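Participant: I am attaching a structure below and will ask some questions about it afterwards.
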Amino acid sequence: MDVFPDFDGLGDIAALRMVIGALLTFVLITAVLMLIVSALMWAIAAANGNHSAAAKGRTGALVALGAAALAGAGVAWMNWLIDLGQQL
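Counting from 18, one number per residue, gives the positions in the sequence shown under this note's numbering.
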């Protein structure tokens, strides 16, 4: 059984793919920049003994790392789900 989604069933699917790709790129760039800023804040605050700001910087760095991982892995995950759907 060969089941595959009909991507041509929607009108102007190429533009939709371009928009989604641009949004994923924007999210990935923003997440990486926020990771850099949060890591710098964490390092500077920890060096100066400001534990409250260091904790906020650490939280920001971990959230930005998670967002970058999700944005980067989103396309691979969707392709895996499409391939899994073909095997059913």
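All C-beta atoms, glycine included, are put in the ideal place defined by N, C-alpha and C. Keep in mind the model is a prediction, meaning the values are calculated, not measured.
To which residues of the same chain is A85 closer than 8 Å at the C-beta, ignoring the five residues directly before and after it?
Facilitator: As a working note, residue 85 is residue 68 in the sequence shown. If we look at A85 and ignore the five residues flanking it on each side, its Cβ neighbours are L45, A48, V49, L52.
Participant: Would you list, in sequence order, the uninterrupted alpha helix (DSSP H) runs of no fewer than 4 residues that lie entirely inside the region 18-81?
Facilitator: 30-65
Participant: Report buried or exposed for W94, applying the criterion of at least 16 other Cβ atoms within 10 angstroms of its Cβ.
Facilitator: Residue 94 sits at position 77 when you count from the first residue of the sequence shown. Looking at its Cβ environment, which holds fewer than 16 other Cβ atoms inside 10 Å, W94 is exposed.
Participant: Using CA atoms only, rank isn't needed, just tell me which of I99, W97, V92, G102 is closest to L38.
Facilitator: Counted from its first residue, the sequence shown places residue 38 at position 21. Note on identity: in this sequence residue 38 is Gly, with Leu being the wrong assignment. It is V92.
Participant: Can you list, in chain order, the residues of its chain with a C-beta nearer than 6 Å to that of G77? Leave out the 5 residues immediately preceding and following it.
Facilitator: Residue mapping note: residue 77 aligns to position 60 of the sequence shown, counting from 1. So the qualifying residues of the chain are S55.
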